[in-house]
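Below is one structure, written out as structure tokens; comments come after it.
Protein chains: 2
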Amino acid sequence: MIIGATGGIGSAIARALAPAFDLTLVGRDAAALGRLRGDLGAARALGADVAVELEVAALADDLPDIDVLVYAVGAALPGALVDADVAAWETQWGANVWGFALTLKHLAPRLAKGGRVLVLGARPELSAARGMAAYAASKAAVDGVARVAALELRRQRVSVTVVRPGAVATDLWTPLGGAPKGALAPADVADAVAQALRAEPQPELPIGAGAP
Amino acid sequence: MIIGATGGIGSAIARALAPAFDLTLVGRDAAALGRLRGDLGAARALGADVAVELEVAALADDLPDIDVLVYAVGAALPGALVDADVAAWETQWGANVWGFALTLKHLAPRLAKGGRVLVLGARPELSAARGMAAYAASKAAVDGVARVAALELRRQRVSVTVVRPGAVATDLWTPLGGAPKGALAPADVADAVAQALRAEPQPELPIGAGAP
Numbered sequence: 001m002i003i004g005a006t007g008g009i010g011s012a013i014a015r016a017l018a019p020a021f022d023l024t025l026v027g028r029d030a031a032a033l034g035r036l037r038g039d040l041g042a043a044r045a046l047g048a049d050v051a052v053e054l055e056v057a058a059l060a061d062d063l064p065d066i067d068v069l070v071y072a073v074g075a076a077l078p079g080a081l082v083d084a085d086v087a088a089w090e091t092q093w094g095a096n097v098w099g100f101a102l103t104l105k106h107l108a109p110r111l112a113k114g115g116r117v118l119v120l121g122a123r124p125e126l127s128a129a130r131g132m133a134a135y136a137a138s139k140a141a142v143d144g145v146a147r148v149a150a151l152e153l154r155r156q157r158v159s160v161t162v163v164r165p166g167a168v169a170t171d172l173w174t175p176l177g178g179a180p181k182g183a184l185a186p187a188d189v190a191d192a193v194a195q196a197l198r199a200e201p202q203p204e205l206p207i208g209a210g211a212p
Numbered sequence: 213m214i215i216g217a218t219g220g221i222g223s224a225i226a227r228a229l230a231p232a233f234d235l236t237l238v239g240r241d242a243a244a245l246g247r248l249r250g251d252l253g254a255a256r257a258l259g260a261d262v263a264v265e266l267e268v269a270a271l272a273d274d275l276p277d278i279d280v281l282v283y284a285v286g287a288a289l290p291g292a293l294v295d296a297d298v299a300a301w302e303t304q305w306g307a308n309v310w311g312f313a314l315t316l317k318h319l320a321p322r323l324a325k326g327g328r329v330l331v332l333g334a335r336p337e338l339s340a341a342r343g344m345a346a347y348a349a350s351k352a353a354v355d356g357v358a359r360v361a362a363l364e365l366r367r368q369r370v371s372v373t374v375v376r377p378g379a380v381a382t383d384l385w386t387p388l389g390g391a392p393k394g395a396l397a398p399a400d401v402a403d404a405v406a407q408a409l410r411a412e413p414q415p416e417l418p419i420g421a422g423a424p
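Chains as they are written, first to last, in this note's numbering: chain A, 1 to 212; chain B, 213 to 424.
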């Protein structure tokens, strides 16, 4: 199951995993989700806004056990702290943190024994830039949720991995004026994820070294 | 200015700083705040719920420049991720993160040149325990906000320090079944803070070594 499957990194991961997995694609953009499902011959496409608990809870209905859960939803809206906008913070938090926590709440019980959770994190030394307080804080929060989730899901033999790529060239950068030079391609991240899924689980999966 | 001045750590810090500073105490519990003001002969006591933006904004009215801003508000409500309760998450987030961000938004412009911000953080290796996802995540988020705040306030020559004590024996532990053995006394944290304010600013102030 890939949550945020129509995003830059999510769709690249969906493409990379399609040959080997029976994919369930989850996203907010129903049209894009439908197209991606057709392209990849994915088994399922489920529309949901992960910041809305009822929509996340509904994902658990009529689903086979999940072997791999990838959380690739993300939002970044820059703004200095002195101009902090509560709505912009909530958008980022909903996408980056609440969505992940709600996903674990409702879907962790559906994870197969030995299953794996992968979530997109960020490197603090790259994300902590002027204007990025909400983003940096929300990605740091993802680490906290992932750390505790790893402890709580150990009994289920489920592992939790935080994927920490360098800057990746996706639409996330649009409000920031475009991706930095040397940004990774989403396909690079997807390849690393696909490779990691063939290896033993690790708590962290750092990818690339590009600084923004 | 001490925000969260009636809390376990906040009130200890207020006591430790009272002899040397013209104190402004901020808290949600008006009665406790009034008593503390009387005890310490503090210059000002202002009631505010820091999770409510209008109340934080009002703090900036009719205030002299702030030399030292201590953010000591904190909440911890345990719960496994699979039982995650949105209201409990919001309470913790409001106290630990939004309040801090809103404080910076509205009070950073009132900080004196060379001023200092201190915020209570947590050590990830101690806070990331089963049932503590919201707390661990929100304290990790505090780090993210503090890191970016340090960059954004550099022009004002304001420093930001994350104070990371080990476990401290306060009411925060009540919903967790009491403070662990070997927990620090709030006065130990307060002394370390008072001492740090006499020294050069550091990005981190670790105190004690007790594990929960």
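Ideal Cβ positions, reconstructed from N, Cα and C, are used throughout, including at glycine.
query	result
Looking only at C-alpha atoms, which of A:Ser11, A:Arg155, A:Tyr135 sits nearest to proline 124 of chain A?	A:Tyr135
Would you mind sorting leucine 63 of chain A into buried or exposed? The rule is 16 or more other CB atoms within 10 Å of its CB.	exposed
What three-state label does DSSP hand valine 294 of chain B in the structure shown?	helix
Could you have a look at valine 97 of chain A and say whether DSSP puts it in helix, strand or coil?	helix
Could you give the C-beta distance for leucine 319 of chain B and alanine 272 of chain B, rounded to a whole number, given that I count them as a contact under 8 Å?	6 Å
Contact criterion: CB-CB distance below 8 Å. Does alanine 395 of chain B meet it with respect to chain A?	no
Can you have a look at glutamate 204 of chain A and say buried or exposed, based on whether 16 or more other CB atoms are within 10 angstroms of its CB?	exposed
Looking only at C-alpha atoms, which of B:Asp355, B:Pro290, B:Asp297, B:Arg369 sits nearest to valine 309 of chain B?	B:Asp355
Nearest chain B C-beta to aspartate 143 of chain A closer than 8 Å, yes or no?	yes
According to the neighbour-count rule (16 or more other Cβ atoms, all chains shown, within 10 Å of its Cβ), is valine 86 of chain A buried or exposed?	exposed
Keeping to the same chain, check which residues put their C-beta closer than 7 Å to that of leucine 176 of chain A; ignore five residues upstream and five downstream.	Ala76, Pro78
Which residue's Cα is closest to the Cα of proline 398 of chain B: B:Ala408, B:Ala324, B:Asp383, B:Glu412?	B:Asp383
Helix, strand or coil for threonine 405 of chain B? Go by DSSP, reduced to three states.	As written in the sequence, residue 405 of chain B is valine, which differs from the threonine given in the question. Helix, per DSSP.
Just list the residues that DSSP pairs leucine 258 of chain B with in beta bridges.	B:Val238
Is there a Cβ of chain A sitting closer than 8 Å to that of alanine 324 of chain B, yes or no?	no
From alanine 196 of chain A to alanine 379 of chain B, what distance separates their C-alpha atoms?	36 Å
So isoleucine 132 of chain A contacts chain B; which residues on that side make the cut at Cβ distance below 8 Å?	Reading off the sequence, residue 132 of chain A comes out as methionine, not isoleucine. Chain B residues near methionine 132 of chain A: Val360.
Does the Cβ-Cβ distance between alanine 14 of chain A and valine 193 of chain A come in under 8 Å?	no
When you compare the CB of alanine 128 of chain A with every CB in chain C, is at least one pair closer than 8 Å?	No chain C appears in the structure shown, which is made up of the protein chains A and B.
Using a Cβ-Cβ distance under 8 Å, would glutamine 368 of chain B count as near chain A?	no
I think leucine 126 of chain A touches alanine 72 of chain A, with their Cβ atoms under 8 Å apart; what is that distance to the nearest whole Å?	Contact flag wrong, Cβ pair sits at about 18 Å.
How would you list, in chain order, the residues of chain B whose beta-carbon sits under 8 Å from the beta-carbon of serine 159 of chain A?	Those within 8 Å of serine 159 of chain A in chain B number zero; the least Cβ separation is about 15 Å.
DSSP state of threonine 373 of chain B, grouped into three classes?	strand
Assuming alanine 353 of chain B and glycine 311 of chain B make a contact with CB atoms under 8 Å, what is their CB distance in whole Å?	The pair is not a contact, with the Cβ atoms about 12 Å apart (cut-off 8 Å).
Under 8 Å by Cβ, that's how I've got valine 357 of chain B and valine 329 of chain B pegged, so tell me the actual separation to the nearest angstrom.	That pair is no contact at about 10 Å.
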